[in-house]
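Colleague: Protein chains in written order, with the numbering used here: chain A, 1 to 405; chain B, 1001 to 1405.
2 protein chains.
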Amino acid sequence: MMRSVEEHLAAVLSLATPLPVETVPVSEARGRVVAASAVAVLDLPSFDNSAMDGYAVRAADVPAAGVRVAVVDDIAAGDTRRLSLPPGGAMRIMTGAPLPEGADAIVPVEASDGGTTTVAFTEVPGVGQHVRWVGEDVRAGDEVVSAGVSVTPGVVALLAAAGIAEVAVHRRPRVAVFSTGDELVPLGTTPGFGQIVDSNQVMLGELVRAAGAELVHSGHLPDDPDLVRAAFADPPGDADLVLTSGGVSMGAHDVVKEVLLAAGTVDFVKVAMRPGMPQGAGHIGGRPIVTLPGNPVSSFVSFHVFVLPLLRRLAGQPAAASLGEEVGAGVVEAAVAWRSVQGKVEFTRVRVAGGAATPMTGQGSHMLGALGAANALAVVPPACAAVEVGQRLSVIRLLGSEVGS
Amino acid sequence: MMRSVEEHLAAVLSLATPLPVETVPVSEARGRVVAASAVAVLDLPSFDNSAMDGYAVRAADVPAAGVRVAVVDDIAAGDTRRLSLPPGGAMRIMTGAPLPEGADAIVPVEASDGGTTTVAFTEVPGVGQHVRWVGEDVRAGDEVVSAGVSVTPGVVALLAAAGIAEVAVHRRPRVAVFSTGDELVPLGTTPGFGQIVDSNQVMLGELVRAAGAELVHSGHLPDDPDLVRAAFADPPGDADLVLTSGGVSMGAHDVVKEVLLAAGTVDFVKVAMRPGMPQGAGHIGGRPIVTLPGNPVSSFVSFHVFVLPLLRRLAGQPAAASLGEEVGAGVVEAAVAWRSVQGKVEFTRVRVAGGAATPMTGQGSHMLGALGAANALAVVPPACAAVEVGQRLSVIRLLGSEVGS
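And the structure:
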């Protein structure tokens, strides 16, 4: 009996406990997940100020265009004097400069004759115009960023402006990657007959880093049960997650599966998906482990479908509204028709442009050529044997790709 | 006369010359742009091999289910022997193991009795089934990645598998960021009356880094023409691009504008957009400079609309098909109605979920509160005074945000 993609995703996500919380400077928090409400220290704005370069006035003092008033002071942004506007006067004021007490409107310099001793205006100011009032954006004590929010540059700006210099975030997941299989030779070596370059190791490492996690170890394990057992017993770098590729299928040399089945803490299953059928997930040495298939494309797809949501959960992101949303899929239309496998979810490597997806040629699980130009995986449901032109499909954005442009 | 957004984007992009090319290990190339066709060193696959765990046979030797054949050898992945299949025999073979000469089909282990000395099958193999033929994915000498492609983890996998250990990529842009204005105090300091926290400096630094560029300097300049002039004459870190925020409006203390107007190599313009009207772009000391407005949200929006496309071009990305595509906008529907400014492009901070955009409250150019939850900018065209429910809008994904989930 095959497991559905949703069932296996749920099993993988059940491995995740959000990682411990640490407090870091806001400038080092990007990509982390906020662990506790961030509360504004300051009002935003923290004082009434001008939204324009112009003149601060009492609106009542300028009842008509052409009225001339005395310019009694000049307020730059950063002026820390607490000024008071005398009745009938005006003060030159720059964008962001504090409103003098008594003033209730700003006349933009464009609506003036630009005078520096006296000034006349071409418009009648309305009370409150071009004034930014204290606290109108954020009040000190307001929650500005909720727990579970990922820190983007925009969040950094908000935290900094609100006077929050440090923020509580979850630790980044530490991941150890092991490729397995005696057929693999390191990148930079010329493979002999029967050998292939160990592309999975470098690929998984870059996927881990692109996901914002920390790659604490990347290595290769030969098909030797003792060496595999030792590596899993004490993975380097105090990893929060161990990832492997290969050695989990039906073969007589599937050493990862052999060792982990003996340990009894990892489930090996067939998942109704293409590519990526043989999957394993569980714990080893108290740590979550996900064993990905060895076919490079199967490994690549499985990372996006199962490991990326797991890393997000470890990093502190809350559960999505649905398992479908855990993988962060958007929706596009099929630009052309293509055939799909029935009874399994097919993850078709596609290029999305202008809101439409076109499949790449070469969809075999060993075929990497398509990854030179693909930017997404189209999720074709099990019931669908043929995708039709214009059919709406979920797509998972490939890590590091830009989709939609 | 105001410039259109498209005109100013074209002016900003005209500053870009792709940065020099360097050759780096594939594992360090992620996020860079490939500068010259990457050509496969190896065929993929580089030898005929099995797509399944099972038995290599001559299909003609298994004319019917139940026929029993001798198992004469056992081929693991990584087996470097050049074997030959004797007539009437079978060899156990693992996924990825080389096909013995003479074999033309694989029977999966699931369709066998699993025998190790002799084996019988439950199916009749077709010629070529479950065989991956040499070069069927990629041929040595094929271009696998074109110039202009960004290196994603998938591209890394393809390059590695094809035996390409190093790749020619453009250098990452080096960026110096200067916030300006006497009203700013450093993050971590309590601002006095009339002062605000310098959130732009940390925000622009994180935007630069999130864009994959290198932040070589981040600092603050007071409203002192001599200090501003000196900083621009010799920006630190041998920057490829200088970014400033503030000091470019109509005010008497707009020192950035004053210094650069005197230099005569920077255009200061009003762009028909909200927020973000006052913009400047040009060269100083032979380097591109973009002067962003000081309002935090104006600065944030302008970075996404003008600076990010410029950084992509510096990093070696080719021109997009249209200026609209330079900003990488996708398309979503408006979830609710909202009013917009006429005569200008309005960049509304929105949250996109389930393919629909909802505007955040607090859209003033000084209002950062909305950045706690926004994940995109909706691009509302100048002719549109009111966005209708269901109206299709271009959206620019905010750097570091995930959109569409």
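Glycine included, each C-beta is placed from N, C-alpha and C at the ideal position.
Is LEU1371 (chain B) helix, strand or coil by DSSP?
Modeller: helix
Colleague: May I ask you to report which of helix, strand or coil DSSP gives ALA1165 (chain B)?
Modeller: coil
Colleague: Do VAL1175 (chain B) and VAL1134 (chain B) have their C-beta atoms closer together than 9 Å?
Modeller: No, the Cβ-Cβ distance between VAL1175 (chain B) and VAL1134 (chain B) is not below 9 Å.
Colleague: Less than 9 Å between the C-beta atoms of GLY1054 (chain B) and SER1112 (chain B), yes or no?
Modeller: yes
Colleague: Whose C-alpha, out of A:VAL345, A:PHE347 and A:PRO309, is nearest the C-alpha of ALA10 (chain A)?
Modeller: A:PRO309
Colleague: Please confirm whether GLY1404 (chain B) has its beta-carbon closer than 9 Å to some beta-carbon of chain A.
Modeller: At GLY1404 (chain B), the pLDDT of 41 sits below 50, so the modelled position is not reliable; the number obtained from the coordinates is stated separately. Chain A, which has a Cβ nearer than 9 Å to the Cβ of GLY1404 (chain B), makes this yes.
Colleague: Which same chain residues, not among the five before or five after ALA1231 (chain B), have their C-beta less than 7 Å away from its C-beta?
Modeller: PHE1178 and LEU1221
Colleague: ASP61 (chain A) by DSSP, collapsed to three states: which one?
Modeller: helix
Colleague: Rounded C-beta distance between THR1361 (chain B) and ALA1370 (chain B)? I'm assuming under 8 Å.
Modeller: Approximately 7 Å separates the beta-carbon atoms of THR1361 (chain B) and ALA1370 (chain B); this is inside 8 Å, confirming the contact.
Colleague: Does DSSP put ASN1295 (chain B) in a helix, a strand or coil?
Modeller: coil
Colleague: Going by DSSP, name the residue or residues bridged to PHE273 (chain A).
Modeller: The sequence given here has Met at residue 273 (chain A), not Phe. Answer is A:VAL345, bridged to MET273 (chain A).
Colleague: Span of the beta strand (DSSP E) holding PHE178 (chain A)?
Modeller: 174-180
Colleague: Pick helix, strand or coil for VAL1387 (chain B), following the three-state DSSP scheme.
Modeller: VAL1387 (chain B) falls in the strand class under three-state DSSP.
Colleague: Using 9 Å as the threshold, is the C-beta distance between ARG1351 (chain B) and ALA1373 (chain B) below it?
Modeller: Cβ atoms of ARG1351 (chain B) and ALA1373 (chain B): closer than 9 Å.
Colleague: I'd like the ranges of any alpha helix (DSSP H) spanning at least 4 consecutive residues and lying wholly in the region 1182-1215 of chain B.
Modeller: 1199-1210
Colleague: Contact check, LEU398 (chain A) vs ALA334 (chain A) under 8 Å by CB: the rounded distance?
Modeller: Their Cβ separation, rounded to whole angstroms, is 18 Å, which puts LEU398 (chain A) and ALA334 (chain A) out of contact at 8 Å.
Colleague: Would you check if there are 3 or more beta carbon pairs closer than 8 Å linking the region 1147-1161 of chain B to the region 1178-1187 of chain B?
Modeller: no
Colleague: Inspect the beta-carbon positions of THR189 (chain A) and VAL202 (chain A) and report whether they are closer than 9 Å.
Modeller: It is not a contact, given that the beta carbons lie outside the stated cut-off.
Colleague: Determine, for ARG1132 (chain B), whether the minimum Cβ-Cβ distance to residues of chain A falls below 9 Å.
Modeller: yes
Colleague: Give me the DSSP bridge partner(s) of GLU333 (chain A).
Modeller: A:ALA356 and A:ARG392
Colleague: VAL1255 (chain B) by DSSP, collapsed to three states: which one?
Modeller: helix
Colleague: Along the alpha helix (DSSP H) that carries LEU399 (chain A), what are the first and last residues, could you check?
Modeller: Where LEU399 (chain A) is concerned, there is no enclosing alpha helix (DSSP H), given that its DSSP letter is neither H nor E.
Colleague: According to DSSP, is GLU6 (chain A) part of a helix, a strand, or is it coil?
Modeller: helix
Colleague: Once DSSP output is grouped into helix, strand and coil, what is the label at ARG1171 (chain B)?
Modeller: coil
Colleague: Should VAL1234 (chain B) go down as buried or exposed, given a rule of 16 or more other Cβ atoms within 10 Å for buried?
Modeller: The identity of residue 1234 (chain B) in the sequence shown is Asp, whereas the question assumes Val. It is exposed - the Cβ of ASP1234 (chain B) has fewer than 16 other Cβ atoms within 10 Å.
Colleague: Could you check whether GLY1316 (chain B) and VAL1169 (chain B) sit closer than 9 Å to each other, using their CB atoms as the reference points?
Modeller: yes
Colleague: So, are the CB atoms of MET1273 (chain B) and PHE1347 (chain B) less than 9 Å apart?
Modeller: yes
Colleague: I'd like the list of long-range same chain contacts for VAL71 (chain A), defined as Cβ closer than 8 Å, with 5 residues on each side in sequence excluded.
Modeller: TYR55, GLY89, ALA90, MET91, ARG92, GLY115, THR116, THR117, THR118 and VAL119
Colleague: By the three-class DSSP mapping on this structure, what secondary structure does SER340 (chain A) have?
Modeller: coil
Colleague: Taking Cβ positions, are PRO275 (chain A) and SER249 (chain A) nearer each other than 9 Å?
Modeller: In this structure, SER249 (chain A) does not lie closer than 9 Å to PRO275 (chain A) by Cβ.
Colleague: May I have the straight-line CA-CA distance separating PRO236 (chain A) from VAL266 (chain A), to the nearest angstrom?
Modeller: 20 Å
Colleague: Go through its chain and collect everything with a Cβ distance to VAL332 (chain A)'s Cβ below 7 Å, but skip five positions before and after it.
Modeller: Hits under 7 Å: VAL352, GLY355, ALA356, ALA357, LEU393 and VAL395.
Colleague: Using the beta-carbon of each residue, which ones in chain A are nearer than 8 Å to ALA1210 (chain B)?
Modeller: ARG30, THR152 and PRO153
Colleague: Would ARG313 (chain A) and GLU1206 (chain B) qualify as a contact pair, given that the criterion is a beta-carbon distance under 9 Å?
Modeller: Not a contact, by the Cβ cut-off of 9 Å.
Colleague: Straight-line CA distance for VAL1107 (chain B) to ARG1058 (chain B)?
Modeller: 10 Å
Colleague: Whose Cβ in chain A lies nearer than 8 Å to the Cβ of MET1203 (chain B)?
Modeller: PRO153, GLY154, VAL156, ALA157 and ALA160
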